[in-house]
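When you line the sequence shown up against the working numbering, it's residues 3 to 237, in that order.
Cβ coordinates follow ideal geometry from the N, Cα and C atoms, glycine included.
What follows is a set of notes on a single structure, which appears directly below.
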Amino acid sequence: MSDGVVVDSIDVAYGDLQVLWDVSLEVSTDDTIVALVGPNGAGKTTLLKAMSGLLRPTAGSIQLFGTYSATLSPSQIVRQGFVHVPEARNLFTEMSVEENLQMGAYTRRDSYEETLAEVYETFPVLEERAEQAAGTLSGGEQQMLAIGRGLMAKPRILALDELSVGLAPQLTQRVFEKVDQLSDDITILLTEQHVNEALGLAERALLLENGRIIATGTGEELLDSAHIRDAYLRA
Ligand SMILES: Nc1ncnc2c1ncn2[C@@H]1O[C@H](COP(=O)(O)OP(=O)(O)OP(=O)(O)O)[C@@H](O)[C@H]1O
Ligand SMILES: [Mg+2]
Numbered sequence: 003m004s005d006g007v008v009v010d011s012i013d014v015a016y017g018d019l020q021v022l023w024d025v026s027l028e029v030s031t032d033d034t035i036v037a038l039v040g041p042n043g044a045g046k047t048t049l050l051k052a053m054s055g056l057l058r059p060t061a062g063s064i065q066l067f068g069t070y071s072a073t074l075s076p077s078q079i080v081r082q083g084f085v086h087v088p089e090a091r092n093l094f095t096e097m098s099v100e101e102n103l104q105m106g107a108y109t110r111r112d113s114y115e116e117t118l119a120e121v122y123e124t125f126p127v128l129e130e131r132a133e134q135a136a137g138t139l140s141g142g143e144q145q146m147l148a149i150g151r152g153l154m155a156k157p158r159i160l161a162l163d164e165l166s167v168g169l170a171p172q173l174t175q176r177v178f179e180k181v182d183q184l185s186d187d188i189t190i191l192l193t194e195q196h197v198n199e200a201l202g203l204a205e206r207a208l209l210l211e212n213g214r215i216i217a218t219g220t221g222e223e224l225l226d227s228a229h230i231r232d233a234y235l236r237a
């Protein structure tokens, strides 16, 4: 039970504006890919920020690997093994690819070279462009760098916010393939507006609307649900 993240009935607000209501979910290290889907403004990013300690719930609790997150700083949460790759990527654009990867390892100076080699193995393009300024990478390469930087912290659970944002369909496909490959070794929690692709990939999924979880199931079950089909998949 404690081997993962347990979110228990949290409310989250920005000042007076409450955006999450009574949200509960569990992500265990036995999970492969868990998808959090929902429309713009549903609260997906807010939920990931709460899980990574950037926002404090006003009610409820979050446990990470058995420790209540209220007692942990964001960098302690990273060290526990929950790593969040933010929607905006937040790369250091003037710094090289390799320097960005180094920043990802700030919580773990041990086994740096080994982890770097693993990231380069997953994303060979990053090794080819190791000395290039991050800001000059293409959109897809920047997304891979953001994921690679997350991997440098050696996550047990890697949360990826809006992987496909700004990417052409072909690149989205490639990034999803990489994520699928990564899920052999670590647990992936991803948010997506491309509901179809995300649910196709996910073992388990949650649908968030207006700050509440309104459906859960396997990716396939959600894909088959009338509500998802009517609201999200009507071509
Ligand atoms: N810093 C903030 N201050 C005030 N309100 C905020 C802030 N960040 C987000 N919100 C509001 O909280 C709600 C949820 O936003 P959030 O970014 O979590 O949605 P999302 O599901 O990630 O949407 P998207 O798919 O567009 O990324 C929105 O109504 C948004 O306007
Ligand atoms: Mg978002």
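C-alpha distance - M146 paired with Y70, whole-angstrom precision: 31 Å
First through last residue of the alpha helix (DSSP H) which encompasses E100: That run of the alpha helix (DSSP H) goes V99 to G106.
Residues that Q65 bridges to, as DSSP identifies them: Within the DSSP bridge table, the entry for Q65 names V8 and Y70 as partners.
CA nearest to the CA of E28, picked from V167, L50 and D232: When each option's Cα is compared against that of E28, the closest is L50.
Cα-Cα separation, N42 to D163: 12 Å
Residue environment, M3, which counts as buried when at least 16 other CB atoms sit within 10 Å: For M3, the predicted structure reports a pLDDT of 49, less than 50, and the residue's modelled location is therefore unreliable. The matter cannot be settled from this model.
Test item: CB-CB of S26 and V9 under 9 Å: Taking a C-beta distance under 9 Å as the contact criterion, S26 and V9 qualify as a contact pair.
Beta-carbon gap between I35 and D226 smaller than 9 Å: No.
Local Cβ density within 10 Å of L19, reported as buried at 16 or more and exposed below that: Around the beta-carbon of L19, fewer than 16 other beta-carbon atoms lie within 10 Å, marking it exposed.
Extent of the continuous alpha helix (DSSP H) run through E179: P171 to L184
Selection from V7, G141 and A44 that minimises the alpha carbon distance to N92: G141
Distance, T109 Cα to H229 Cα: 42 Å
G219 (DSSP reduced to helix, strand or coil): strand
Contact set for I79: own chain, Cβ-Cβ below 7 Å, skip 5 residues either direction: Residues S54, G55, L66 and S71 of the same chain have their beta carbon placed closer than 7 Å to that of I79, with the five preceding and five following residues left out of the count.
DSSP state of M3 mapped onto helix, strand, coil: With a pLDDT of only 49 at M3, under 50, the local geometry of the prediction cannot be trusted, and the value read off the model is given with reservation. Note: M3 maps to coil in three-state DSSP.
Residues bridged to V25 (per DSSP): I12
R2, enclosing alpha helix (DSSP H) - first and last residue: The displayed coordinates of the chain run from 3 to 237. Any statement about residue 2 would go beyond what the structure contains.
Residues that DSSP places opposite H86 in a beta bridge: A161
Neighbourhood of E129 by C-beta, 8 Å cutoff - its chain only, sequence neighbours within 5 removed: Y122
Three-state secondary structure (DSSP) of Q145: helix
Alpha-carbon to alpha-carbon, L224 and V87: 25 Å
Residue closest to A61, alpha-carbon to alpha-carbon, out of A15, Q172, N198 and Y114: A15
E222, buried or exposed, once every other Cβ within 10 Å from all chains shown has been counted against 16: exposed
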